[in-house]
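Engineer: In order, the protein sequences belong to chains U and Y.
With the first sequence counted from 1, adding 6 to any position gets you our numbering.
With the second sequence counted from 1, adding 95 to any position gets you our numbering.
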Amino acid sequence: EAGVTQFPSHSVIEKGQTVTLRCDPISGHDNLYWYRRVMGKEIKFLLHFVKESKQDESGMPNNRFLAERTGGTYSTLKVQPAELEDSGVYFCASSNTQGNTIYFGEGSWLTVV
Amino acid sequence: AQRVTQPEKLLSVFKGAPVELKCNYSYSGSPELFWYVQYSRQRLQLLLRHISRESIKGFTADLNKGETSFHLKKPFAQEEDSAMYYCALSGGTSYGKLTFGQGTILTVHP
Chain U
7 EAGVTQFPSH SVIEKGQTVT LRCDPISGHD NLYWYRRVMG KEIKFLLHFV
57 KESKQDESGM PNNRFLAERT GGTYSTLKVQ PAELEDSGVY FCASSNTQGN
107 TIYFGEGSWL TVV
Chain Y
96 AQRVTQPEKL LSVFKGAPVE LKCNYSYSGS PELFWYVQYS RQRLQLLLRH
146 ISRESIKGFT ADLNKGETSF HLKKPFAQEE DSAMYYCALS GGTSYGKLTF
196 GQGTILTVHP
């Protein structure tokens, strides 16, 4: 069974540009989560999808971040325009309906210069 | 507000020595506590959860509500235990909405 996959694994962009991160959850997992860890800080929750619906987006830092999960399969997280403080690792995770174990992807490293 | 504190950023022990990674939390209700581990070049993965009361890879963790702690222990550390360890808390209805500590890098020397 394939795990949670994220793309790209690494991205370097200039301040003001746009980046889109993609997450493919484990097949059949309705729950999808985004987290991020910025330099020197702990891993923080961003948002939670149940299928295509945003269940909880309380962790989204500001309106430069837009997450979508059209069709309830893969999800994208767009940062537009990117700022220096957005640099970090963005993790995606998924779980099944019972939701008692979540599985993480390897993360997407974002560097904004 | 819920918070998880791991006071040690780095912890070094020798192979065969006991190891304890500390975790304290603050939460007003009844939390679910977890330990996650990230080995070098691997993804973050669940090590154990307090409700299971199980031992994984020789590690155990007991939830102490009086001290609001969930320390991770292993009596005899192995070199392959070297990794980043995160303590995490889930306080809502969703297991996936986790509050993480800053993590502790454990290095086990031969």
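Ideal Cβ placement from N, Cα and C applies to all residues, glycine included.
List the endpoints of the continuous beta strand (DSSP E) containing residue 62(U).
Structural biologist: 59-62 is the extent of the beta strand (DSSP E) around residue 62(U).
Engineer: Please report how far the alpha carbon of residue 154(Y) lies from the alpha carbon of residue 116(Y), in whole angstroms.
Structural biologist: Cα to Cα, the separation comes out at about 10 Å.
Engineer: How far does the beta strand (DSSP E) with residue 133(Y) in it extend, from its first residue to its last?
Structural biologist: From DSSP, the beta strand (DSSP E) with residue 133(Y) extends over 127-133.
Engineer: What are the partner residues of residue 102(U), as DSSP defines its beta bridges?
Structural biologist: In DSSP, residue 102(U) forms no bridge with anything.
Engineer: Tell me whether the beta-carbon of residue 118(U) lies closer than 7 Å to the beta-carbon of residue 19(U).
Structural biologist: Yes, Cβ-Cβ distance for residue 118(U) and residue 19(U) is below 7 Å.
Engineer: Mind listing the chain U neighbours of residue 140(Y)? Cutoff is C-beta to C-beta under 9 Å, in chain order.
Structural biologist: Chain U residues near residue 140(Y): 109 and 110.
Engineer: Could you tell me whether any Cβ in chain U is nearer than 7 Å to the Cβ of residue 165(Y)?
Structural biologist: Judged by the 7 Å Cβ criterion, residue 165(Y) is not in contact with chain U.
Engineer: CB-CB under 6 Å to residue 49(U), same chain, minus the five flanking residues each way: which ones, in chain order?
Structural biologist: The answer, listed in chain order, is 41 and 43.
Engineer: Measure the beta-carbon distance from residue 102(U) to residue 34(U) and round it to whole angstroms, keeping in mind my assumption that it falls under 8 Å.
Structural biologist: At roughly 7 Å, the Cβ-Cβ gap stays under 8 Å, so residue 102(U) and residue 34(U) are in contact.
Engineer: List, in chain order, every chain Y residue whose beta-carbon is nearer than 8 Å to that of residue 39(U).
Structural biologist: Under the 8 Å cutoff, chain Y gives 191 and 192.
Engineer: What are the partner residues of residue 71(U), as DSSP defines its beta bridges?
Structural biologist: 85(U).
Engineer: Compare the C-beta of residue 195(Y) against all C-beta atoms of chain B and say whether one is closer than 7 Å.
Structural biologist: Checking the listed chains, one finds no chain B in this structure; the protein chains it contains are U and Y.
Engineer: Would you mind sorting residue 96(Y) into buried or exposed? The rule is 16 or more other CB atoms within 10 Å of its CB.
Structural biologist: Answer is exposed; the Cβ neighbour count stays below 16.
Engineer: So what's residue 162(Y) in DSSP terms, helix, strand or just coil?
Structural biologist: Correct three-state label for residue 162(Y): coil.
Engineer: For residue 176(Y), name the three-state secondary structure that DSSP assigns.
Structural biologist: It is helical.
Engineer: On a Cα-Cα basis, can you pick out the residue from 202(Y), 184(Y) and 205(Y) that is closest to residue 124(Y)?
Structural biologist: That would be 184(Y), whose Cα lies nearest to the Cα of residue 124(Y).
Engineer: Determine whether the Cβ of residue 51(U) lies closer than 7 Å to any Cβ atom of chain Y.
Structural biologist: So, interface residue.
Engineer: For residue 134(Y), which residues in chain U fall below 7 Å Cβ to Cβ?
Structural biologist: Those do not exist, as residue 134(Y) stays about 12 Å from chain U at its closest Cβ, beyond 7 Å.
Engineer: Are the CB atoms of residue 165(Y) and residue 139(Y) within a distance shorter than 7 Å?
Structural biologist: In this structure, residue 165(Y) does not lie closer than 7 Å to residue 139(Y) by Cβ.
Engineer: Does any residue of chain Y bring its CB to less than 7 Å from the CB of residue 54(U)?
Structural biologist: Closer than 7 Å: yes.
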